[in-house]
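Contents: one structure, followed by commentary.
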Amino acid sequence: KAGVTQTPRYLIKTRGQQVTLSCSPISGHRSVSWYQQTPGQGLQFLFEYFSETQRNKGNFPGRFSGRQFSNSRSEMNVSTLELGDSALYLCASSLEQGSIYGYTFGSGTRLTVV
Amino acid sequence: SQQGEEDPQALSIQEGENATMNCSYKTSINNLQWYRQNSGRGLVHLILIRSNEREKHSGRLRVTLDTSKKSSSLLITASRAADTASYFCATAGNQFYFGTGTSLTVIP
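Protein chains in written order, with this note's numbering: chain A, 1 to 114; chain B, 115 to 222.
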């Protein structure tokens, strides 16, 4: 079966712009989580969605938002981009909320803000 | 902030040797998981150990968990060049936190 699909793979944006990243989870997985990975901060949890509701949120400013659709696909939006938002953004899906079974990760979207 | 700290930060070994990575964490957990990440790619789930388990095996992987010391170790036996990657522990409790990672290099 297909894995977690993230689009686009690479993105270059200008400071001040906004960006939307997409994640399609494994079929049947209802939980989608988002992470930001940078060399300096490592893997930082952004938020988790389950059944179209945000169930958990990390310590990121309100410029970072997300949503989940009825088919479990999720989008993440970052508004007013800053240079420090340059990172690898990873999406992970799981059967249930939380991490009872472990997560399956996508290959990520590499965002560069110039 | 990160929940887990991993040790060592970097490890370089010869093919065929064993590699051991350690993870320490701060709060109570439901389970602890180990992931592998090849350069610039997504993470791959390796193994999950529940808080009431002390040891688990999967192929060449052996994971131990000591909840009294809030620590876990990942042992990769008979390492191969293809094992070269970064390895992360992740703790599942009220939230899901990743450790800082260990960069493993296996020299052919």
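Where a beta carbon is used, it is the ideal one built from N, C-alpha and C, also for glycine.
In angstroms with no decimal places, state the Cα-to-Cα distance between residue i and residue j.
i, j, result
"G154 of chain B", "Y201 of chain B", "13 Å"
"T216 of chain B", "C23 of chain A", "27 Å"
"R168 of chain B", "Q147 of chain B", "13 Å"
"Q6 of chain A", "G108 of chain A", "6 Å"
"R67 of chain A", "N152 of chain B", "28 Å"
"R30 of chain A", "G207 of chain B", "19 Å"
"L126 of chain A", "S182 of chain B", "Past the edges of chain A, shown from 1 to 114, lies residue 126 of chain A, and the structure says nothing about it."
"R176 of chain B", "A87 of chain A", "32 Å"
"I4 of chain A", "P122 of chain B", "Looking at the sequence itself, residue 4 of chain A is Val, so the reference to Ile does not match. Cα to Cα, V4 of chain A sits roughly 30 Å from P122 of chain B."
"C203 of chain B", "R150 of chain B", "9 Å"
"I143 of chain B", "E120 of chain B", "16 Å"
"L21 of chain A", "H159 of chain B", "23 Å"
Can you pull the chain A residues whose beta carbon is under 8 Å from the beta carbon of residue i, in chain order?
i, result
"G154 of chain B", "L88, G108 and R110"
"L162 of chain B", "Y101 and G102"
If I measure Cβ to Cβ from residue i and keep anything under 7 Å in the same chain, skipping five residues before and after, which residues do I get?
i, result
"L81 of chain A", "K13, R15, G16, Q17, Q18, V19 and V113"
"V220 of chain B", "I127, E129, S193, R194, A195, D197 and T198"
"D118 of chain A", "Residue 118 of chain A is absent from the structure shown; chain A starts at 1 and stops at 114."
"Y139 of chain B", "Q117, G118, K184 and T205"
"R63 of chain A", "V78, S79 and T80"
"L162 of chain B", "N145 and Q147"
"K170 of chain B", "I161, I163 and V177"
"S65 of chain A", "N77"
"P8 of chain A", "T109"
What residues in its chain sit with their C-beta under 6 Å from that of residue i, if we drop five residues either side in the sequence?
i, result
"Q54 of chain A", "F47"
"T191 of chain B", "N132 and R174"
"R164 of chain B", "N145"
"A92 of chain A", "S33, Y103 and F105"
"A124 of chain B", "S217"
"T38 of chain A", "A87"
If the cut is a Cβ gap below 9 Å, which residues of chain B does residue i touch?
i, result
"Y103 of chain A", "Q147, Y149, L157, H159, A204 and F210"
Confirm the yes/no value for this check: CB of residue i, any heavy atom of the ligand NAP, distance under 7 Å.
i, result
"S99 of chain A", "As far as ligands go, the structure on display features none, and thus does not contain the ligand NAP."
Measure from the alpha carbon of residue i to the alpha carbon of each residue in the options, then state which is nearest.
i, options, result
"S51 of chain A", "A:T38, A:S70 and A:N77", "A:S70"
"Y89 of chain A", "A:F105, A:Q97 and A:Y49", "A:F105"
"G213 of chain B", "B:R164, B:L157 and B:E131", "B:L157"
"Q97 of chain A", "A:K57, A:A87, A:T38 and A:G3", "A:K57"
"Q135 of chain B", "B:T181, B:T178, B:L189 and B:Y149", "At residue 135 of chain B the sequence reads Met, which differs from the Gln that was named. Answer by Cα proximity: B:L189."
"D180 of chain B", "B:Y149, B:Y211, B:E120 and B:C137", "B:C137"
"N59 of chain A", "B:P222, B:R150, B:F210 and B:L125", "B:F210"
"A2 of chain A", "A:I26, A:L83 and A:Y49", "A:I26"
Leaving out five residues on either side along the sequence, give the residues of the same chain with a beta carbon under 8 Å from the beta carbon of residue i.
i, result
"G28 of chain A", "L95"
"I100 of chain A", "S94"
Chain A partners of residue i, CB-CB under 9 Å?
i, result
"G215 of chain B", "G42 and L43"
For a contact defined as C-beta to C-beta under 7 Å, what are the partners of residue i on chain B?
i, result
"N77 of chain A", "Neighbours of N77 of chain A on chain B: none; closest Cβ ~20 Å, over 7 Å."
"N56 of chain A", "Q209"
Per the contact definition of three or more C-beta pairs closer than 8 Å, is the stretch 182 to 196 of chain B in contact with the stretch 40 to 53 of chain A? no
Within the chosen definition, does the stretch 23 to 36 of chain A reach the stretch 71 to 79 of chain A through at least 3 CB pairs nearer than 8 Å? yes
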